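Quick notes on the structure that follows.
2 protein chains.
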Amino acid sequence: MVTLSEQSDFTAIVTAQAVAAKDAARLLYTTTHAQRNAALAALKTQLLNHAPAILNANKADMERGAAKGLSAALLDRLLLDEKRLTALANSLDAIIAQPDPIGQITESWTQPSGIQINAVRVPLGVIGIIYEARPNVTIDAAALCLKAGNACILRAGSESLETARALHAAITAALESEKLPAAAVQLINTTDRAAVGALLQLDQYIDVIIPRGGRGLIERIAAESRIPVIKHLDGLCHTYIDKAASIPMACDVTFNAKMRRTGICGATETLLVHTDAVKTHLPVLLEKLFAAGCEVRGDEALQQLDARVIPATEQDWHTEYLAPILAVRTVASLDAAIAHINHYGSHHTDAIITDDVDAAATFQAGVDSGIVLWNTSTQFADGGEFGFGAEIGISTGKLHARGPVGARHLTTVQYRVQSNGAVRPV
Amino acid sequence: MVTLSEQSDFTAIVTAQAVAAKDAARLLYTTTHAQRNAALAALKTQLLNHAPAILNANKADMERGAAKGLSAALLDRLLLDEKRLTALANSLDAIIAQPDPIGQITESWTQPSGIQINAVRVPLGVIGIIYEARPNVTIDAAALCLKAGNACILRAGSESLETARALHAAITAALESEKLPAAAVQLINTTDRAAVGALLQLDQYIDVIIPRGGRGLIERIAAESRIPVIKHLDGLCHTYIDKAASIPMACDVTFNAKMRRTGICGATETLLVHTDAVKTHLPVLLEKLFAAGCEVRGDEALQQLDARVIPATEQDWHTEYLAPILAVRTVASLDAAIAHINHYGSHHTDAIITDDVDAAATFQAGVDSGIVLWNTSTQFADGGEFGFGAEIGISTGKLHARGPVGARHLTTVQYRVQSNGAVRPV
């Protein structure tokens with residue numbers, strides 16, 4: 009229970025952080041790419057310098073987590089050992105290597121009035137990031153925000169707060185070594201929920217909130233926030249095997265899409281198969297799936313094809329398993345596949361396997377999802393695989409950013425207009 | 009007072025409209041540019057066919073408005089006479105002439121993994137537009153949404169509902185004549201506030217809300233909405249006369265920026281002048297402003313320059329007058345001008361007058377506003393002047409759309425990926 013006076017304490021503390029972040033954002037706004045990259049390089053150094061403190065802090069979080077009875081999966085997410093810390097430090101190189109997301113002219117044209125207009129990418133301002141256990145989010149988020157000249161306020165999950173504090177100390181050291189304001193990356197230093205509630209009201213200081221975590225967390229934040237939210241919701245992804253698909257490609261790509269990692273949002277959950285491809289394309293794939301321990305839930309045609317297939321229910325078409333389970337449905341046409349995906353899918357990532365160029369074009373133009381793939385595994389739904397250096401999430405919303413969110417999406421556009429004294433006629 | 013059962017009636021009616029809009033958006037999603045433009049051309053014809061009904065409806069709205077004691081300014085906004093209706097019908101030509109905002113490839117690249125990625129513009133989906141008196145918004149909004157393949161739900165102000173109904177009948181006739189779903193453009197057929205409340209909860213059907221109206225309306229909607237909102241808030245615009253400004257240009261551009269129309273959001277409200285330019289650049293400008301009936305409120309230096317200048321207070325730097333009043337402040341440097349604008353401004357539109365290329369670049373890179381102009385009147389802050397054919401507002405937010413919002417901003421991006429069977433390594 010939070011008392012009123014505690015709530016107002018949190019409001020005061022978080023507001024002071026937001027004001028400091030906005031001031032820092034003003035300074036970052038005019039930094040050069042070289043300055044921002046120097047801070048990222050310094051962060052890499054400081055992560056290695058601070059390694060003992062970071063590993064100790066993580067050990068404390070892990071012990072507390074084990075005592076609290078966190079699941080093995082959660083503990084594995086929380087773990088930051090020497091190997092992972094080194095990988096995390098090295099991952100900054102990919103962000104440094106990215107081109108400057110700031111200053112890029114995205115459009116340029118001249119009007120009959122004589123005004124010349126350039127649309128130029130500029131920093132967004134202040135970004136609030138609310139996440140759960142993974143310690144790497146602290147570094148990824150700070151680095152992507154810095155790369156694009158933004159200040160950020162980080163709110164780590166209660167399980168990983170010690171680790172986040174130790175990582176944040178390295179960030180602060182890096183900022184100071186490069187003469188950038190420490191307030192450019194701030195951590196909310198409490199696990200109390202009231203601090204998040206206070207943060208979400210500060211729309212005069214914070215430009216966008218990015219939550220990373222389960223659906224419950226994200227929906228609660230979206231409902232409560234006065235600040236625009238970039239959401240990362242379900243990944244109910246489909247692969248559709250067209251009648252004109254290559255059989256080996258259908259088998260390999262679908263197997264990878266389902267089984268490479270079953271717990272990520274880009275994993276295929278439902279396989280759609282053209283009626284004409286069931287007998288030709290599925291037997292080898294099903295063998296491979298069963299051999300790998302995948303459960304298959306299918307419609308009548310699938311059950312007839314293979315006795316190991318469990319009957320699928322309506323609920324299966326709605327389910328993101330995040331597990332080695334695959335729902336399989338036959339469809340009579342390409343249009344039926346598109347209609348199924350637009351109806352049951354989460355508009356995240358969907359693929360077609362076909363050798364028919366027209367079918368691929370119809371599929372990609374008709375499926376209303378952030379990522380639509382042709383002859384490619386849905387597991388490529390990832391900022392790193394898209395070449396963004398890293399990602400802060402995969403947006404399932406349609407506004408501002410859709411699909412993997414990298415530094416280039418943490419920007420806004422500014423119109424720079426010039427003329428030789430143009431005045432507007434009445 | 010709305011009773012609970014009335015509220016649930018509105019919820020049921022508005023929900024049914026939103027469901028129908030989402031279905032219509034699915035159909036619009038795959039229409040061609042030729043089909044969408046044909047509907048816009050049909051709308052032009054139908055507006056002229058329906059002219060008698062539209063003019064009669066507007067007469068009824070005008071009479072009701074006059075009886076309710078609406079101000080002359082509001083009645084002028086509400087008025088749709090034959091001349092304005094013809095201009096409105098003709099304004100569709102500019103939207104038709106725009107290039108297709110859909111299908112444009114904004115980025116294209118290949119990754120080392122072999123996947124080839126195209127970012128392609130696609131329709132947003134369903135757009136809710138909530139506005140006040142101006143009848144032209146009904147047509148502008150419907151036309152811009154259609155141009156970009158979106159369905160829309162329109163909520164007109166109570167003063168203009170009769171006119172909106174008559175205009176909507178013309179829209180429906182145009183859609184039907186081109187075999188597009190009538191539900192692609194729907195009108196909320198009540199002036200009851202409860203209908204808006206119901207609309208703002210329907211985030212599973214509606215992708216974005218665009219309010220047009222006073223600050224009160226927009227803030228209420230933003231606070232209440234579960235759906236992302238593209239906001240059009242204050243236009244506290246500045247013109248800065250640098251020490252290196254041409255004297256005649258400073259005079260002409262500033263006069264136009266302030267006085268062409270004082271009631272629009274792009275009108276300059278505060279003039280900043282470099283200390284070194286006060287005696288050289290202001291006398292002619294002040295004469296011109298006073299002659300045109302403009303009130304000038306200035307700091308000490310201004311009052312010393314001209315006895316007609318009224319002392320400015322701190323409040324003046326915060327005020328969007330929308331009237332023939334100009335606040336004038338001297339600043340000691342370019343940096344002081346930028347700092348003033350970033351502190352007091354509304355991040356809408358700001359201009360520098362200078363012949364110094366470096367000063368212009370520093371100003372444009374340092375001022376955090378949607379539009380920054382060099383030697384150009386702030387009154388160019390307008391979708392038509394930007395070449396967007398028309399605008400649905402000028403976004404003062406930083407997310408998704410900033411500055412004038414045309415059809416091209418009522419889109420989202422979709423990543424279309426292809427490869428020759430790429431699977432992601434473990």
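If you're matching them up, the sequences are chains A and B in order.
Per our numbering: the first sequence = residues 9 to 434.
Per our numbering: the second sequence = residues 9 to 434.
Note that the Cβ used here is the ideal one computed from N, Cα and C, for glycine as well.
Please read all numbers here as calculations on a predicted model, not as lab measurements.
Do residue j and residue i come within 7 Å of each other at the CB atom, strictly closer than that value?
{"i": "B/T321", "j": "B/T357", "result": "no"}
{"i": "B/R234", "j": "B/Q209", "result": "yes"}
{"i": "A/V216", "j": "A/I238", "result": "yes"}
{"i": "A/A398", "j": "A/D101", "result": "no"}
{"i": "A/A436", "j": "A/P109", "result": "With chain A covering only 9 through 434, there is no way to say anything about residue 436 of chain A."}
{"i": "A/A127", "j": "A/Y423", "result": "yes"}
{"i": "A/A178", "j": "A/L55", "result": "yes"}
{"i": "A/Y213", "j": "A/E277", "result": "no"}
{"i": "A/I218", "j": "A/I318", "result": "no"}
{"i": "A/L96", "j": "A/N144", "result": "yes"}
{"i": "B/F18", "j": "B/A172", "result": "no"}
{"i": "B/G395", "j": "A/Q119", "result": "yes"}
{"i": "B/L334", "j": "B/D314", "result": "no"}
{"i": "B/N264", "j": "A/V431", "result": "yes"}
{"i": "A/A50", "j": "A/A159", "result": "no"}
With residue i as the anchor, note down where its beta strand (DSSP E) starts and where it stops.
{"i": "B/H435", "result": "Outside the shown range of chain B, which is 9 to 434, sits residue 435 of chain B, and nothing can be said about it."}
{"i": "B/Q194", "result": "V193 to L195"}
{"i": "A/E71", "result": "Not the beta strand (DSSP E): A/E71 falls in the alpha helix (DSSP H), residues A59 to A75."}
{"i": "A/Q124", "result": "Q124 to P131"}
{"i": "A/S116", "result": "I113 to T118"}
{"i": "B/T357", "result": "T357 to I361"}
{"i": "A/G136", "result": "V134 to I138"}
{"i": "B/L7", "result": "Past the boundaries of the shown model lies residue 7 of chain B; chain B is included only from 9 to 434, so the question cannot be answered."}
{"i": "B/I218", "result": "V216 to P219"}
Among residues of its own chain, excluding the 5 on either side of residue i, which ones have a beta-carbon nearer than 7 Å to its beta-carbon?
{"i": "B/S166", "result": "T199"}
{"i": "B/D363", "result": "A252, A253 and S254"}
{"i": "B/A409", "result": "I238, S403 and H417"}
{"i": "A/L342", "result": "D250, A367, T370 and F371"}
{"i": "A/V204", "result": "I138 and R163"}
{"i": "A/T419", "result": "P109, I110, R129, V130, P131, L132 and A156"}
{"i": "B/V286", "result": "A309, L313 and T338"}
I need the DSSP call for residue i, collapsed to helix, strand or coil.
{"i": "A/A335", "result": "strand"}
{"i": "B/D284", "result": "helix"}
{"i": "B/Y423", "result": "strand"}
{"i": "B/M9", "result": "The pLDDT assigned to B/M9 is 46, lower than 50, so where the model puts this residue is not dependable; a value taken from the coordinates is nonetheless given after this. DSSP places B/M9 in coil when its eight states are reduced to three."}
{"i": "B/A409", "result": "coil"}
{"i": "A/C160", "result": "strand"}
{"i": "B/A415", "result": "helix"}
{"i": "A/D148", "result": "helix"}
{"i": "A/T278", "result": "strand"}
{"i": "A/S254", "result": "coil"}
{"i": "A/E303", "result": "strand"}
{"i": "A/P291", "result": "helix"}
{"i": "A/A340", "result": "coil"}
{"i": "A/G271", "result": "coil"}
{"i": "B/G395", "result": "coil"}
{"i": "B/I110", "result": "coil"}
Is residue i near the ligand HEM, going by C-beta to nearest heavy atom under 6 Å?
{"i": "B/P291", "result": "The ligand HEM is not part of this structure, which contains no ligands at all."}
Any Cβ of chain C within less than 7 Å of the Cβ of residue i?
{"i": "A/S385", "result": "No chain C is present in this structure, whose protein chains are A and B."}
Take residue i and list the residues in its own chain whose beta-carbon comes closer than 8 Å to its own, dropping the five residues that flank it on each side.
{"i": "A/V421", "result": "T114, A127, V128, R129 and V130"}
{"i": "A/S16", "result": "none"}
Quick one: give me the first and last residue of the alpha helix (DSSP H) that residue i is part of.
{"i": "B/L78", "result": "Run containing B/L78: none; DSSP gives neither H nor E here."}
{"i": "B/L310", "result": "E308 to L313"}
{"i": "B/G224", "result": "R223 to E232"}
{"i": "B/I400", "result": "Run containing B/I400: none; DSSP gives neither H nor E here."}
{"i": "A/D211", "result": "Run containing A/D211: none; DSSP gives neither H nor E here."}
{"i": "B/L93", "result": "E90 to A105"}
{"i": "B/A174", "result": "L169 to S185"}
{"i": "A/E322", "result": "E322 to W325"}
Contact between the stretch 53-68 of chain B and the stretch 19-37 of chain B is defined here as three or more beta-carbon pairs at a separation below 8 Å; is this criterion met?
No, the stretch 53-68 of chain B is not in contact with the stretch 19-37 of chain B.
Contact between the stretch 80-93 of chain A and the stretch 373-393 of chain A (3+ Cβ pairs under 8 Å)
Verdict: no, contact absent.
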